[in-house]
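Protein chains in written order, with our numbering: chain A, 18 to 348; chain B, 18 to 348; chain C, 18 to 348; chain D, 18 to 348.
Each residue gets a CB set at the ideal place from its N, CA and C atoms; glycine is no exception.
As the structure is a prediction and not an experimental result, all values here were calculated from the model.
Protein chains: 4
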Amino acid sequence: MFKDLSKKIRVGICGASGYTGLALIKILINHPHAEIKFLGANSSAGQYIDDIFPELSPFSMKCEEFENISLVDIDLVFFATPNGFCERYSKELIERDIYVIDLSADHRFDDNCVYGLVEIFREEIIEKSKDACIIANPGCYTTSGILALAPILSSIPDAVDDHIIIDGKSGISGAGRKAETRIIFTELNENLSPYNLGGKHRHRPEFNRILSKIAHKQINVNFAPHLIPMSFGLLTTSYLKLIKNISIVEIRKIFNEYYEDEIFIKILDENTYPNTKWALKSNNAFLHLCKDESTNTLIISSAIDNIYKGASSQAVQNMNLVFELAENTGL
Amino acid sequence: MFKDLSKKIRVGICGASGYTGLALIKILINHPHAEIKFLGANSSAGQYIDDIFPELSPFSMKCEEFENISLVDIDLVFFATPNGFCERYSKELIERDIYVIDLSADHRFDDNCVYGLVEIFREEIIEKSKDACIIANPGCYTTSGILALAPILSSIPDAVDDHIIIDGKSGISGAGRKAETRIIFTELNENLSPYNLGGKHRHRPEFNRILSKIAHKQINVNFAPHLIPMSFGLLTTSYLKLIKNISIVEIRKIFNEYYEDEIFIKILDENTYPNTKWALKSNNAFLHLCKDESTNTLIISSAIDNIYKGASSQAVQNMNLVFELAENTGL
Amino acid sequence: MFKDLSKKIRVGICGASGYTGLALIKILINHPHAEIKFLGANSSAGQYIDDIFPELSPFSMKCEEFENISLVDIDLVFFATPNGFCERYSKELIERDIYVIDLSADHRFDDNCVYGLVEIFREEIIEKSKDACIIANPGCYTTSGILALAPILSSIPDAVDDHIIIDGKSGISGAGRKAETRIIFTELNENLSPYNLGGKHRHRPEFNRILSKIAHKQINVNFAPHLIPMSFGLLTTSYLKLIKNISIVEIRKIFNEYYEDEIFIKILDENTYPNTKWALKSNNAFLHLCKDESTNTLIISSAIDNIYKGASSQAVQNMNLVFELAENTGL
Amino acid sequence: MFKDLSKKIRVGICGASGYTGLALIKILINHPHAEIKFLGANSSAGQYIDDIFPELSPFSMKCEEFENISLVDIDLVFFATPNGFCERYSKELIERDIYVIDLSADHRFDDNCVYGLVEIFREEIIEKSKDACIIANPGCYTTSGILALAPILSSIPDAVDDHIIIDGKSGISGAGRKAETRIIFTELNENLSPYNLGGKHRHRPEFNRILSKIAHKQINVNFAPHLIPMSFGLLTTSYLKLIKNISIVEIRKIFNEYYEDEIFIKILDENTYPNTKWALKSNNAFLHLCKDESTNTLIISSAIDNIYKGASSQAVQNMNLVFELAENTGL
């Protein structure tokens with residue numbers, strides 16, 4: 018749909034003053050086929066983005082209220098906005114033939130939207146995005162956990178007990194860039210805690226919805242998120258009880274085949290445990306497979322950058338796919 | 018056995034130059050009924066402990082090789098030494114009527130020793146310590162995880178599926194105070210990783226041994242430890258599938274009764290998630306109970322200081338118990 | 018004035034929900050001669066302090082608005098409140114014979130109050146506190162910097178050039194426990210910056226006022242504070258150009274004599290540089306002296322805990338002094 | 018000397034397994050006109066670099082002992098090696114017409130080498146590098162401090178007192194990637210300390226040598242380095258006493274003119290203090306100017322990434338200059 022590479026994709030970024038907005042800007046100012054035409058940031062309207070983030074200099078652009086967007090010269094809008102914001106505007110944009118990539122949770126449960134986890138749903142994304150559409154960019158925990166679980170649930174769903182555990186561990190940037198006492202440095206350094214246990218985190222229904230679709234059966238995971246004293250990075254440790262006799266060799270084979278052509282998926286060998294720092298500022302996911310023979314349990318750990326692969330670089334991967342660019346363009 | 022409170026317990030500390038050794042010294046120099054008579058530190062023999070740890074000043078004592086210990090004026094020796102060291106000397110000490118509290122893993126699988134998790138095995142410790150004995154001080158992950166699991170496995174072992182998951186998260190001090198590139202600051206800050214997955218961590222057999230004893234049936238847990246970028250603190254998140262219909266109210270009742278008189282166990286309410294920082298430099302454990310109704314899973318999170326409750330303050334709690342002092346003396 | 022040790026000092030703590038308030042509570046619940054009678058926290062009025070800080074459990078007390086304080090059973094009130102709060106109430110308290118220790122900046126420039134840096138002004142504090150009075154507890158940077166500079170400026174003020182530089186480095190807790198985006202974890206981890214350069218920090222006039230008093234001549238320092246990615250701890254590096262020929266041996270002698278009987282001042286030897294962690298949770302200050310022979314410059318580094326010696330434990334040291342207890346009681 | 022852009026610069030990197038080596042690799046695998054032909058790492062010889070640093074994958078190359086380098090297909094060798102290593106080999110390389118960029122301290126005092134601080138010595142570097150030569154890449158503290166001081170010392174050296182103070186603050190990566198107890202995480206998190214005070218740091222004579230050259234008079238600075246609990250980033254705070262009457266407007270003008278065409282130098286406005294995180298992974302330096310009117314002191318703070326601008330990206334900037342590429346190629 019965008020084969021004319023002489024033209025740049027004209028993008029707007031809403032939520033420019035947050036961490037995912039900042040990452041989108043950093044990626045897109047170096048993207049050879051995109052051009053930032055609009056920065057929306059309601060709470061910072063009127064400020065220059067390089068005054069908010071001096072590291073962006075010499076790039077400079079004024080932040081504006083979303084209402085000021087000039088839709089005639091925009092091809093795509095990224096919404097890195099608080100939940101509830103995107104859904105107010107997304108339909109109008111689609112009607113005007115403008116693509117929407119929604120990094121918030123607004124459209125992840127909407128059957129009219131496509132779920133933008135490219136490695137799993139590439140064909141569906143391509144199919145549904147021939148005309149302007151809304152791509153629901155996956156959550157950070159769900160990106161990591163689904164990448165870890167999809168090969169098994171897709172290939173041998175009956176080989177695993179349905180009592181699936183996902184223990185999530187995220188850096189603090191996942192809580193956003195906002196004034197809250199609970200996330201100030203002194204509250205969190207040298208500290209660790211779980212939160213939203215027992216199904217209270219919004220990524221739990223997202224896991225269930227997407228994993229059920231992949232497994233072609235109802236999946237209901239346990240998901241326990243934890244706040245880790247680091248800014249960036251995310252790890253999920255997933256536990257699957259095997260109810261059929263499958264060797265680790267077969268499991269590695271399933272993963273290798275499932276992700277055979279995926280340039281952003283790195284399957285580590287047995288003795289190399291994933292370090293979240295390896296994924297920082299990249300669109301990569303590092304997967305490690307372990308079978309605990311004495312309990313017949315599969316432990317799959319998966320490390321990503323929560324703000325990049327878990328949000329902004331994945332959003333650009335979606336843009337690249339939809340606009341028929343090489344998926345790693347600018348990434 | 019030590020009812021004469023006019024006399025102080027004369028203790029030796031081996032492994033004085035490590036983090037658990039340092040914590041033992043800090044606790045014991047303020048302990049009203051103990052007196053440090055010997056500091057063993059083979060690699061730092063000849064150095065003064067306040068040169069190694071200037072924060073200890075004005076306390077000062079020369080570190081010596083273990084061989085130099087004068088056994089005539091010692092009642093108890095703490096071994097905060099690398100694995101393999103304590104077992105070389107422990108029998109001789111017992112024969113000379115000197116108590117041994119072994120913070121290393123040397124005696125945790127020895128039927129001749131008592132497992133020093135006071136809240137669970139108090140009666141057994143009292144019983145077996147009437148004469149000089151070896152107390153195997155529990156590991157850090159196992160302290161946290163067993164405190165979380167014991168009430169259920171002790172009271173209603175048949176109500177839970179045996180597919181128990183323990184996801185452990187520890188501060189870096191658990192790796193010890195030694196020269197290794199993998200634990201230098203730049204390798205670990207802003208980083209998170211699992212390690213020793215699939216049963217390779219030595220606390221896994223310790224979990225199985227002790228939990229089986231508590232449950233009066235064979236328990237075989239999955240245990241996955243993770244390295245968290247903080248110095249001190251440890252959290253275990255334990256997942257138990259309920260196979261009988263038990264309400265969270267009943268579960269809270271079981272915990273409240275099991276730990277009714279325990280001054281170091283803090284059972285948090287539903288909306289207060291444990292923060293490891295609350296346990297720092299204390300002998301406390303903070304427990305949180307959550308039942309995920311949709312999966313019938315119990316998630317028990319438990320926060321301790323890995324070096325205090327997970328090692329040194331627990332060792333002093335054992336000393337207090339054995340020497341018939343109030344358990345929280347000096348803690 | 019308080020020789021009857023059978024009675025406890027009845028204290029109120031205003032600003033209980035902040036970091037200095039928390040430290041005051043921790044110290045005072047273990048203080049053998051003090052009893053907390055009132056916790057003021059206007060923004061958290063009605064909440065129990067152990068719900069705000071679960072680590073305090075089993076200590077529990079409801080926070081109230083300051084107006085609810087019952088003055089008949091209070092001997093002393095600590096104000097760990099935002100600037101401007103204490104001065105509204107302090108006079109009324111004094112008139113009712115209640116001592117005020119003000120940890121805010123409200124009274125540090127008031128000639129009617131005594132400046133509570135005990136090591137320097139002990140006699141004056143004793144003299145002025147015979148009746149109820151206001152003690153202006155020093156700022157954190159000023160505590161560290163004045164302890165470093167006082168021996169020289171007091172003993173040989175004419176030997177140093179008046180171009181004195183104080184480079185301050187503080188943990189983030191110094192910014193308080195409040196909801197501000199600039200101090201959230203993700204903004205500050207792996208980051209370092211100066212702030213309030215060029216005399217904009219309120220501790221600069223405090224330095225000048227107090228150092229001038231000590232030196233008996235006008236002192237005008239350069240003071241540059243920096244925010245360090247750690248929660249607690251503070252270091253000042255002070256640079257003094259020597260204009261007379263004085264050896265490092267003479268300088269060490271001046272310091273050793275000046276602090277001869279001070280139990281909280283630790284003068285390190287030449288090869289031991291102060292580490293802020295040594296001072297954590299203590300009332301100690303660690304001083305290091307270095308003479309750069311090639312530039313004839315004295316570099317004095319000084320490490321404290323910004324919340325303890327820099328605020329709360331120093332406030333309790335003042336209370337102990339005023340109420341004729343041993344200065345280190347409960348510290 | 019390298020105008021044929023159809024050919025790539027063939028580079029070797031010695032010290033590939035350290036932090037500066039890793040940064041060089043990351044920069045050079047994305048550099049459009051360079052090609053890595055050799056990775057030297059004596060202690061890791063035989064290992065693949067992507068096994069040491071999995072984040073480099075899919076880039077892979079075996080590390081070798083330096084002796085195995087094949088000099089016939091190398092144009093330039095970067096030495097990111099311990100001090101003393103480069104000088105053993107540099108002369109032979111020059112004789113074989115191979116450029117040497119030495120990131121160690123071996124050649125910074127050698128009059129036969131050029132000091133590679135491009136913003137200050139660009140003409141001299143171009144002049145001396147017409148044939149193969151050794152470029153002594155500046156130290157990290159000196160890069161930051163000299164960039165801060167050069168405009169004044171170059172333009173108005175007589176306007177400042179010679180009592181110059183440089184207070185340096187560096188992330189831990191500056192200590193290298195090696196097994197030393199003093200730099201393990203638990204020793205350094207929540208901790209801060211000075212080190213090598215009184216002229217003991219090797220960057221002090223480097224400051225004096227280079228600043229004297231810039232000022233055309235003898236300069237002898239005070240330099241006090243400090244270890245900050247963060248991995249990357251470096252700030253110097255420099256204090257200059259003005260002995261002539263110069264306004265901050267004039268000073269800003271001097272800086273703006275001195276760095277007029279420098280794309281990597283960012284002069285911040287008065288109210289924007291430099292944050293080291295803004296410089297991370299970049300070749301940028303952020304400078305802030307402040308005149309303290311009451312003491313007539315100029316405070317210049319300067320923030321860089323100690324591993325990038327302070328070492329590796331600066332080394333590539335030198336390569337670009339010498340090989341007649343745009344200076345920011347690949348940066």
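Task: Residue from B:128, B:284, B:149 with nearest C-alpha to residue 93 (chain B) - done: In the second sequence, residue 93 (chain B) corresponds to position 76, counting from 1. For the residues B:128, B:284, B:149, the minimum Cα distance to residue 93 (chain B) belongs to B:149.
- [ ] Pull out every residue of the region 30 to 42 of chain D whose Cβ sits closer than 8 Å to any Cβ of chain B, in chain order.
- [x] Contact residues of the region 30 to 42 of chain D toward chain B are 36 (C-beta to C-beta distance below 8 Å).
Open item on the list: Does the structure place the region 274 to 289 of chain C close enough to the region 175 to 194 of chain D that three or more beta carbon pairs sit under 8 Å?
Closed with: Contact fails: fewer than three Cβ-Cβ distances are below 8 Å.
Open item on the list: If the cut-off is 7 Å on Cβ atoms, which residues from the region 203 to 231 of chain B count as contacting chain D, listed in chain order?
Closed with: Taking 7 Å as the Cβ-Cβ cut-off against chain D, the residues of the region 203 to 231 of chain B that qualify are 203, 205, 206, 207.
Task: From D:77, D:310, D:49, D:213, residue whose alpha carbon lies closest to that of residue 64 (chain D) - done: If you number the fourth sequence from 1, residue 64 (chain D) lands on position 47. Of the candidates D:77, D:310, D:49, D:213, the one whose C-alpha sits nearest the C-alpha of residue 64 (chain D) is D:77.
Task: Buried or exposed by the 16-neighbour rule on C-beta atoms within 10 Å, applied to residue 187 (chain B) - done: Here residue 187 (chain B) is taken as the residue at index 170 of the second sequence, counted from 1. Residue 187 (chain B) comes out buried.
TODO: Please confirm if the region 321 to 330 of chain C is in contact with the region 157 to 164 of chain C, defined as three or more CB-CB distances below 8 Å between the two stretches.
DONE: With a cut-off of 8 Å, the region 157 to 164 of chain C and the region 321 to 330 of chain C count as touching, because enough Cβ pairs lie within range.
TODO: Identify the contact partners of residue 195 (chain C) in chain A, using a Cβ-Cβ distance below 8 Å as the criterion.
DONE: As a position in the third sequence, residue 195 (chain C) is number 178, starting the count at 1. Annotation: Cβ neighbours of residue 195 (chain C) in chain A (cutoff 8 Å, chain order): 198, 201.
- [ ] Check each candidate in C:182, C:291, C:84 and name the one with the smallest Cα separation from residue 314 (chain C).
- [x] Here the question's residue 314 (chain C) lines up with position 297 in the third sequence. The residue with the shortest Cα to Cα distance from residue 314 (chain C) is C:182.
Open item on the list: Considering only the alpha carbon of each residue, which of A:262, A:134, A:214, A:132 lies closest to residue 175 (chain A)?
Closed with: Here residue 175 (chain A) refers to the residue found at position 158 of the first sequence. If you compare the alpha carbons of A:262, A:134, A:214, A:132 with that of residue 175 (chain A), the shortest gap goes to A:262.
- [ ] Would you list, in sequence order, the uninterrupted beta strand (DSSP E) runs of no fewer than 3 residues that lie entirely inside the region 119 to 197 of chain D?
- [x] Qualifying beta strand (DSSP E) stretches, in chain order: 151 to 153, 182 to 187.
TODO: For chain C, find out if any of its Cβ atoms is closer than 8 Å to the Cβ of residue 293 (chain B); answer yes or no.
DONE: Position 276 of the second sequence holds residue 293 (chain B). No - not a single Cβ of chain C is within 8 Å of the one on residue 293 (chain B).
- [ ] Give the straight-line distance between the Cα atoms of residue 81 (chain C) and residue 257 (chain A), rounded to the nearest whole angstrom.
- [x] If you number the third sequence from 1, residue 81 (chain C) lands on position 64. If you number the first sequence from 1, residue 257 (chain A) lands on position 240. Approximately 50 Å between the Cα atoms of the pair.
Task: Residue from D:346, D:98, D:89, D:121 with nearest C-alpha to residue 111 (chain D) - done: The residue given as residue 111 (chain D) occupies position 94 in the fourth sequence. Distance from the Cα of residue 111 (chain D) is smallest, within the candidate group D:346, D:98, D:89, D:121, for D:89.
Task: Euclidean distance between Cα positions of residue 206 (chain D) and residue 312 (chain D) - done: The count along the fourth sequence starts at 1 and reaches residue 206 (chain D) at position 189. The count along the fourth sequence starts at 1 and reaches residue 312 (chain D) at position 295. Taking the straight line from one Cα to the other gives about 35 Å.
Open item on the list: The beta strand (DSSP E) that contains residue 212 (chain A), what's its start and end?
Closed with: Along the first sequence, read from residue 1 onward, the residue named residue 212 (chain A) stands at position 195. Run containing residue 212 (chain A): none; DSSP gives neither H nor E here.
Open item on the list: I need the straight-line Cα distance from residue 196 (chain A) to residue 293 (chain A), nearest angstrom please.
Closed with: Counting from 1 along the first sequence, the entry for residue 196 (chain A) is found at position 179. Counting from 1 along the first sequence, the entry for residue 293 (chain A) is found at position 276. Roughly 26 Å between the two C-alpha positions.
Open item on the list: When you compare the CB positions of residue 115 (chain C) and residue 133 (chain C), do they come within less than 8 Å of one another, or not?
Closed with: On the third sequence, position 98 is the one that residue 115 (chain C) refers to. On the third sequence, position 116 is the one that residue 133 (chain C) refers to. Against a cut-off of 8 Å, the Cβ pair of residue 133 (chain C) and residue 115 (chain C) comes out as no contact.
- [ ] Determine which residues share a DSSP beta bridge with residue 253 (chain D) and list them.
- [x] Start at 1 with the first residue of the fourth sequence, and residue 253 (chain D) comes out as number 236. DSSP lists D:185, D:319 as partners of residue 253 (chain D).
Task: Assigned secondary structure, residue 113 (chain B) (DSSP; H/G/I helix, E/B strand, else coil) - done: What you label residue 113 (chain B) is simply residue 96 of the second sequence in a count that begins at 1. Taken through DSSP and simplified to helix, strand or coil, residue 113 (chain B) comes out as coil.
TODO: Kindly indicate the opening and closing residues of the alpha helix (DSSP H) around residue 272 (chain D).
DONE: Numbered from 1 along the fourth sequence, position 255 holds the residue referred to as residue 272 (chain D). In the DSSP annotation of this structure, the continuous segment of the alpha helix (DSSP H) that includes residue 272 (chain D) starts and ends at 265 to 275.
Task: Whole-angstrom distance between residue 316 (chain A) and residue 310 (chain A), CA atom to CA atom - done: Here the question's residue 310 (chain A) lines up with position 293 in the first sequence. Here the question's residue 316 (chain A) lines up with position 299 in the first sequence. It is roughly 11 Å from the alpha-carbon of residue 310 (chain A) to the alpha-carbon of residue 316 (chain A).
Open item on the list: Using the Cβ count rule (16 or more neighbours within 10 Å means buried), how would you classify residue 270 (chain A)?
Closed with: If you number the first sequence from 1, residue 270 (chain A) lands on position 253. Residue 270 (chain A) should be labelled exposed.
- [ ] Pull up the DSSP beta-bridge partners for residue 228 (chain B), would you.
- [x] Locating residue 228 (chain B) in the second sequence gives position 211, counting from the first residue. For residue 228 (chain B), DSSP records no beta bridge to any residue.
Task: Classification of residue 210 (chain B) by the beta-carbon crowding that lies within 10 angstroms, buried from 16 upward - done: Taking the first residue of the second sequence as 1, we reach residue 210 (chain B) at position 193. With 16 or more other CB atoms across the displayed protein chains lying within 10 angstroms of its CB, residue 210 (chain B) is buried.
- [ ] With DSSP as the reference, label residue 243 (chain B) as helix, strand or coil.
- [x] By 1-based counting over the second sequence, the position of residue 243 (chain B) is 226. If DSSP states are grouped into helix, strand and coil, residue 243 (chain B) belongs with the strands.
TODO: Taking all protein chains shown into account, decide if residue 235 (chain C) is buried (16 or more other Cβ within 10 angstroms of its Cβ) or exposed.
DONE: Against the third sequence, residue 235 (chain C) aligns to sequence position 218. Per the 10 Å Cβ criterion, exposed.
Task: Backbone secondary structure at residue 347 (chain B) - three-state DSSP - done: Counted from its first residue, the second sequence places residue 347 (chain B) at position 330. Three-state DSSP puts residue 347 (chain B) in coil, outside helix and strand.
Task: Residues that residue 326 (chain D) contacts on chain A, provided the C-beta gap is smaller than 9 Å - done: Numbered from its first residue, the fourth sequence carries residue 326 (chain D) at position 309. Those within 9 Å of residue 326 (chain D) in chain A number zero; the least Cβ separation is about 13 Å.
Open item on the list: Mapping the DSSP letters down to three states, classify residue 233 (chain D) as helix, strand or coil.
Closed with: Counting from one through the fourth sequence, the residue named residue 233 (chain D) turns up at place 216. Three-state result, residue 233 (chain D): coil.
- [ ] Measure the alpha-carbon distance for residue 97 (chain B) versus residue 334 (chain B) and round it to whole angstroms.
- [x] As a working mapping, residue 97 (chain B) is identified with position 80 in the second sequence. As a working mapping, residue 334 (chain B) is identified with position 317 in the second sequence. Going from the Cα of residue 97 (chain B) to the Cα of residue 334 (chain B) covers about 15 Å.
Task: Local Cβ density within 10 Å of residue 341 (chain C), reported as buried at 16 or more and exposed below that - done: On the third sequence, residue 341 (chain C) is found 324 positions in, with the first residue counted as 1. Residue 341 (chain C) counts as exposed, since fewer than 16 other beta carbons sit within 10 angstroms of its beta carbon.
Open item on the list: With distance defined between alpha-carbon atoms, name the residue in A:212, A:260, A:302 nearest to residue 250 (chain A).
Closed with: Taking the first residue of the first sequence as position 1, residue 250 (chain A) is located at position 233. Residue nearest to residue 250 (chain A) within the set A:212, A:260, A:302 is A:302 (criterion: CA-CA distance).
TODO: Kindly indicate which three-state DSSP category residue 57 (chain D) falls into: helix, strand or coil?
DONE: Taking the first residue of the fourth sequence as position 1, residue 57 (chain D) is located at position 40. If DSSP states are grouped into helix, strand and coil, residue 57 (chain D) belongs with the strands.
- [ ] Could you have a look at residue 108 (chain C) and say whether DSSP puts it in helix, strand or coil?
- [x] Taking the third sequence and counting its residues from 1, the one referred to as residue 108 (chain C) is at position 91. Helix, per DSSP.
Task: Nearest-angstrom beta carbon gap, residue 74 (chain C) and residue 283 (chain B) [assumed within contact, 8 Å] - done: Along the second sequence, one-based indexing puts residue 283 (chain B) at 266. Along the third sequence, one-based indexing puts residue 74 (chain C) at 57. Under the criterion of beta carbons closer than 8 Å, residue 283 (chain B) and residue 74 (chain C) qualify as touching, at roughly 6 Å.
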